[in-house]
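Q:
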């Protein structure tokens, strides 16, 4: 009874630690890197990896890993499904390079899918030296952490899109202002003013925003 209670506390502690990392202000990659180490340390697994599913290419890509020999994942043919997968890497055909497994002293792989809207959004993988069965409570904890990872990635993407949109709007405003200056000071029409900014951007390999800022600054200096 005491042993089971300790195991549950350990699993809960793992989820809580991961939650604290995801709530922190560090970058997404730093969060994922920290979480795979937390999981590996707590589970005793030699390797832990978080993979996201690229739906356009229908591929799994490793986003963060701890203790991973990258050659291993190049040799795995993993089918996506809603249920956890347990593989004996020395005997299962899904694991193609057994020499790597023997060299790394691996015996088992546990892949826990992360679902978003009934679709597999990613997979959390654990590699162990002994072959063992994963418990339902472990699956639940890993799915909770996996869902947090997916949500963190989604939030990071939303933030990036918002910042990109804000940057694009700011650039358009500056370019419009610079066009107005060229039209007024150089007698250009709107199309010529735009082409002038664009051509200068291409010639010196700077963004149109930077060219626009230079035009605006030059005009302000001239006026003063």
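In my numbering, the protein residues as written are 687 to 910. Beta carbons: idealized from backbone N, C-alpha and C, even for Gly.
1) Output yes or no for whether 9 Å exceeds the beta carbon distance between residue 722 and residue 750.
2) Checking the sheet assignment: what are the DSSP bridge partners for residue 795?
3) Does the ligand ZN have a heavy atom nearer than 8 Å to the CB of residue 868?
4) Looking at residue 701: is its Cβ nearer than 9 Å to the Cβ of residue 831?
5) Determine the closest residue to residue 777 out of 767, 792 and 769, with distance taken between C-alpha atoms.
6) Out of 863, 852, 887 and 904, which one is the CA nearest neighbour of residue 876?
7) Please report how far the alpha carbon of residue 889 lies from the alpha carbon of residue 714, in whole angstroms.
8) For residue 727, which of 825, 871, 903 and 697 has the nearest alpha-carbon?
9) Any idea if residue 741 is buried or exposed, counting beta-carbon neighbours within 10 angstroms, 16 or more meaning buried?
10) Measure the Cβ-Cβ separation of residue 773 and residue 795 and say whether it is below 9 Å.
11) Which one of 767, 743, 802 and 733 has the shortest CA to CA distance from residue 838?
12) To the nearest angstrom, how far is it from the Cα of residue 754 to the Cα of residue 804?
13) Could you tell me the boundaries of the beta strand (DSSP E) in which residue 744 lies?
14) Specify the secondary structure class of residue 733 as computed by DSSP and reduced to three states.
15) Could you give the distance in angstroms between the alpha-carbon of residue 761 and the alpha-carbon of residue 739?
16) From 810, 699 and 853, pick the residue whose C-alpha is nearest to that of residue 768; which is it?
17) Compare the C-alpha of residue 730 against each of 871, 826, 752 and 788 and name the closest.
18) Give the straight-line distance between the Cα atoms of residue 828 and residue 790, rounded to the nearest whole angstrom.
19) Compute the Euclidean distance between the alpha carbons of residue 835 and residue 775, then round it to the nearest angstrom.
A: Taking the structure as given:
1) In the chain shown, residue 722 corresponds to position 36, counting from 1. In the chain shown, residue 750 corresponds to position 64, counting from 1. Contact flag set, yes.
2) In the chain shown, the residue the question calls residue 795 occupies position 109. 773 and 813, per the DSSP bridge assignment.
3) This structure simply doesn't include the ligand ZN, nor any ligand for that matter.
4) Walking along the chain shown from the start, residue 701 turns up at place 15. Walking along the chain shown from the start, residue 831 turns up at place 145. Going by beta carbons, residue 701 and residue 831 fall inside the 9 Å limit.
5) As a working mapping, residue 777 is identified with position 91 in the chain shown. It is 792.
6) For the purposes of this step, residue 876 is taken as the residue at position 190 of the chain shown. Nearest option by C-alpha distance: 863.
7) Reading the chain shown from its first residue, position 203 is the one you call residue 889. Reading the chain shown from its first residue, position 28 is the one you call residue 714. Their Cα atoms are separated by approximately 36 Å.
8) Here residue 727 refers to the residue found at position 41 of the chain shown. For the set 825, 871, 903 and 697, the Cα lying nearest the Cα of residue 727 is the one of 697.
9) Taking the chain shown and counting its residues from 1, one reaches residue 741 at position 55. Counting Cβ neighbours within 10 Å, residue 741 comes out exposed, since fewer than 16 surround it.
10) On the chain shown, position 87 is the one that residue 773 refers to. On the chain shown, position 109 is the one that residue 795 refers to. Closer than 9 Å, so yes.
11) Residue numbering aside, residue 838 sits at position 152 when the chain shown is read from its first letter. Of the listed residues, the one whose Cα sits closest to residue 838 is 802.
12) Counting from one through the chain shown, the residue named residue 754 turns up at place 68. Counting from one through the chain shown, the residue named residue 804 turns up at place 118. Spanning the two alpha carbons is a distance of roughly 29 Å.
13) Reading the chain shown from its first residue, position 58 is the one you call residue 744. Counting along the chain, residue 744 falls outside any beta strand (DSSP E), and DSSP gives it neither H nor E.
14) The residue given as residue 733 occupies position 47 in the chain shown. Strand at residue 733.
15) As a first step, residue 761 is located in the chain shown; it is residue number 75 there, counting from the start. As a first step, residue 739 is located in the chain shown; it is residue number 53 there, counting from the start. Note that residue 761 scores a pLDDT of 45, beneath 50, so its modelled location is shaky; the value from the coordinates is reported in the next line. So the alpha carbons of these two residues sit roughly 17 Å apart.
16) Taking the first residue of the chain shown as 1, we reach residue 768 at position 82. Checking every option, the nearest Cα to that of residue 768 belongs to 810.
17) Indexing the chain shown from 1 puts residue 730 at position 44. Among 871, 826, 752 and 788, the Cα nearest to that of residue 730 is on 752.
18) The residue labelled residue 828 in the question sits at position 142 within the chain shown. The residue labelled residue 790 in the question sits at position 104 within the chain shown. Cα to Cα, residue 828 sits roughly 23 Å from residue 790.
19) As a working mapping, residue 835 is identified with position 149 in the chain shown. As a working mapping, residue 775 is identified with position 89 in the chain shown. Using only the alpha carbons, I get a separation of about 26 Å.
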